[in-house]
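Enquirer:
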Amino acid sequence: MEHPSPSSIPLEAPPKKKCFFSFLKKLCPFRKKECPEMSPPLSEEPFENDFILARSEHFKALTAEDICIPRTDIVAVPMDVTYKNLVTTFLDCSFSRLPVYQNTLDQIVGMVHIKDVLRSSLDVENFSLHTLLRDVLFISPAIFLRDLLLEMQASHIHVAIVVDEFGGVDGLLTLENVIEKLVGDINDDHESKTTPKILQTGEGIYLADARLSIEDFYEKTGFTLNLPNRDEDINTLGGYVTALLGHMPSRGELVKSQNGLEFEVIDSDPRRLNRLRIHLPSSKNIDSESTPCPESSSDLSPQK
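The opening residue of the sequence shown carries number 5 in my numbering; numbering runs sequentially from there.
Structure follows, in structure tokens:
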């Protein structure tokens with residue numbers, strides 16, 4: 005009996021092993037990826053962080069001189085202040101940090117924090133302001149805010165004093181002031197609501213703080229301000245009105261720009277303006293020509 009040769013015997017396929025992944029596929033079938041052409045188009049609406057991106061571009065060009073609190077508005081305490089007067093000053097100004105000076109404001113030796121003052125209330129009899137002093141940064145008016153922010157982060161110092169070339173104090177900056185220029189105003193829960201710097205009181209009539217910046221005035225009213233002398237560094241309404249008159253205005257004085265804006269001095273003192281009333285020109289007197297941004301404009305016209 006002839007036996008079949010091994011080559012003539014049909015080979016049977018080995019039984020397939022059940023794969024665990026095959027079981028998973030049956031249990032939870034995967035969906036096929038959609039073709040990119042079939043996917044819905046991305047939304048063309050601007051992202052929420054576009055606001056911060058736009059402010060960051062403006063932030064790059066700002067310096068300490070642009071946003072610092074002026075010298076005349078700095079609230080500081082002398083080195084020999086009593087505990088009672090120190091607490092009273094904190095309550096009146098609602099700040100958490102105050103600069104400390106030796107003899108005059110040009111001789112700032114540091115700053116004091118409200119938390120340190122509260123801790124010392126346990127032993128008022130032995131109160132010494134010298135033991136509570138913290139460091140401050142002394143910076144040039146020309147330092148860029150982006151560089152100042154990095155320096156504050158590295159040193160963990162949140163108060164900076166702006167000094168001029170002769171060592172005199174020009175202004176003050178805090179970390180909050182710098183960050184607000186990047187993300188917008190930051191209001192704490194304990195901060196009281198303050199009167200806005202510009203308020204519309206009637207049709208075409210505004211009541212404004214003389215320290216209101218020219219840029220903020222433009223954003224509120226749509227009007228740019230022509231600077232009488234481009235070489236002058238004018239940033240506020242008060243500086244603009246003073247430049248128009250050529251002297252420090254007195255209360256009740258009126259000044260009118262060549263394009264129709266009328267400024268009335270509501271409150272002032274011998275050193276500076278405090279409040280102004282602005283009368284916008286009527287629509288029939290407004291020049292219809294468009295104007296560029298406030299910094300480069302030499303005309304006064306409404307925003308289109």
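Ideal Cβ placement from N, Cα and C applies to all residues, glycine included.
For clarity, every value in this text was computed on a predicted model and none was experimentally measured.
For Q307 and R276, I'd like the C-alpha separation in whole angstroms.
Expert: The count along the sequence shown starts at 1 and reaches residue 307 at position 303. The count along the sequence shown starts at 1 and reaches residue 276 at position 272. The predicted position of Q307 is uncertain, since its pLDDT is 45 and thus under 50; a value taken from the coordinates is nonetheless stated next. Going by the C-alpha atoms only, they are around 29 Å apart.
Enquirer: Rounding to the nearest angstrom, what Cα-Cα distance links L90 and R279 in this structure?
Expert: Counting from 1 along the sequence shown, the entry for residue 90 is found at position 86. Counting from 1 along the sequence shown, the entry for residue 279 is found at position 275. Those two C-alpha atoms are separated by around 30 Å.
Enquirer: Can you tell which of E223, H62 and L211 has the C-alpha that lies nearest to the C-alpha of H283?
Expert: Looking up residue 283 in the sequence shown gives position 279. Looking at the Cα atoms, L211 is the closest of the given residues.
Enquirer: Could you tell me the distance, in whole angstroms, from the CA atom of L179 to the CA atom of H162?
Expert: As a working mapping, residue 179 is identified with position 175 in the sequence shown. As a working mapping, residue 162 is identified with position 158 in the sequence shown. C-alpha of L179 to C-alpha of H162: approximately 5 Å in a straight line.
Enquirer: Determine, using beta carbons only, whether L149 and K185 come nearer to each other than 8 Å.
Expert: Within the sequence shown, numbered from 1, the residue matching residue 149 stands at position 145. Within the sequence shown, numbered from 1, the residue matching residue 185 stands at position 181. Yes, the Cβ-Cβ distance between L149 and K185 is below 8 Å.
Enquirer: Answer yes or no: do D2 and P145 have a C-beta to C-beta separation smaller than 8 Å?
Expert: Only positions 5 to 308 of the chain appear in this structure, which leaves residue 2 out of reach.
Enquirer: Measure the CB-CB distance between L177 and V187 and report whether it falls below 8 Å.
Expert: Here residue 177 is taken as the residue at index 173 of the sequence shown, counted from 1. Here residue 187 is taken as the residue at index 183 of the sequence shown, counted from 1. Cβ distance not < 8 Å, so L177 and V187 don't count as in contact.
Enquirer: Along the chain, where does the beta strand (DSSP E) containing T205 start, and where does it finish?
Expert: Position 201 of the sequence shown holds residue 205. Per DSSP, T205 belongs to the beta strand (DSSP E) from I202 to G206.
Enquirer: Can you tell me whether DSSP reads R138 as helix, strand or coil?
Expert: Here residue 138 corresponds to residue number 134 of the sequence shown, with the count starting at 1. Here R138 sits in strand by DSSP.
Enquirer: If we require 3 or more residues per run, which beta strand (DSSP E) segments fall completely within the region 247-274?
Expert: 258-260 and 266-272
Enquirer: Please report the straight-line C-alpha distance between R3 and A65, rounded to a whole angstrom.
Expert: Nothing about residue 3 can be read from this structure; the chain reaches only from 5 to 308.
Enquirer: Can you say whether R215 is buried or exposed, counting buried as having 16 or more other CB atoms within 10 angstroms of its CB?
Expert: Translated into the one-based positions of the sequence shown, residue 215 becomes position 211. By the neighbour-count rule (16 or more Cβ atoms within 10 Å), R215 is buried.
Enquirer: Helix, strand or coil for N278 per DSSP?
Expert: What you label residue 278 is simply residue 274 of the sequence shown in a count that begins at 1. DSSP places N278 in strand when its eight states are reduced to three.
Enquirer: Where does the unbroken alpha helix (DSSP H) through G158 begin, and where does it stop?
Expert: By one-based count along the sequence shown, residue 158 stands at place 154. Gly is not the amino acid found at residue 158; the sequence shown has Ala there. Its alpha helix (DSSP H) spans residues L149 to S159.
Enquirer: Is the beta carbon of M115 closer than 8 Å to that of L102?
Expert: By one-based count along the sequence shown, residue 102 stands at place 98. By one-based count along the sequence shown, residue 115 stands at place 111. Less than 8 Å separates the beta-carbon of L102 from that of M115.
Enquirer: Answer yes or no: do L152 and V182 have a C-beta to C-beta separation smaller than 8 Å?
Expert: Sequence index remark: in the sequence shown, residue 152 carries index 148 (1-based). Sequence index remark: in the sequence shown, residue 182 carries index 178 (1-based). Their beta carbons are under 8 Å apart, which means L152 touches V182 by this criterion.
Enquirer: Span of the alpha helix (DSSP H) holding T92?
Expert: Within the sequence shown, residue 92 is the residue found at index 88, counting from 1. Here the alpha helix (DSSP H) through T92 covers Y87 to C97.
Enquirer: Count the other CB atoms within 10 Å of the CB of L154; is the residue buried (16 or more) or exposed (fewer)?
Expert: Numbered from 1 along the sequence shown, position 150 holds the residue referred to as residue 154. Label assigned to L154: exposed.
Enquirer: Given a cut-off of 8 Å on the beta-carbon distance, is the pair P74 and G175 in contact?
Expert: As a working note, residue 74 is residue 70 in the sequence shown. As a working note, residue 175 is residue 171 in the sequence shown. Cβ distance < 8 Å, so P74 and G175 count as in contact.
Enquirer: For chain B, find out if any of its Cβ atoms is closer than 8 Å to the Cβ of R138; answer yes or no.
Expert: Although the question refers to chain B, the structure presented lacks it and comprises just one protein chain.
Enquirer: Along the chain, where does the alpha helix (DSSP H) that runs through D70 open and close?
Expert: Locating residue 70 in the sequence shown gives position 66, where the first residue counts as 1. Its alpha helix (DSSP H) spans residues A68 to I71.
Enquirer: Would you grab the beta carbon distance between S217 and T246 for me? Rounded to a whole angstrom, and I think it's under 8 Å.
Expert: Start at 1 with the first residue of the sequence shown, and residue 217 comes out as number 213. Start at 1 with the first residue of the sequence shown, and residue 246 comes out as number 242. So it is not a contact: roughly 15 Å between Cβ atoms.
Enquirer: Along the alpha helix (DSSP H) that carries R101, what are the first and last residues, could you check?
Expert: Start at 1 with the first residue of the sequence shown, and residue 101 comes out as number 97. Element bounds for R101: not the alpha helix (DSSP H) but the beta strand (DSSP E), R101 to Y105.
Enquirer: Using 10 angstroms around the beta-carbon of E61, count the other beta-carbons present and answer buried if the total reaches 16, otherwise exposed.
Expert: Here residue 61 refers to the residue found at position 57 when the sequence shown is read from its first residue. Label assigned to E61: exposed.
Enquirer: CA-CA distance, R123 and G256?
Expert: Taking the first residue of the sequence shown as 1, we reach residue 123 at position 119. Taking the first residue of the sequence shown as 1, we reach residue 256 at position 252. Answer to the nearest angstrom: the Cα atoms are 49 Å apart.
Enquirer: Near L136, which residues of its chain fall below 8 Å by C-beta distance, leaving aside the five closest residues on each side in sequence?
Expert: As a working note, residue 136 is residue 132 in the sequence shown. V116, H117, D120, V121 and S124, listed in sequence order.
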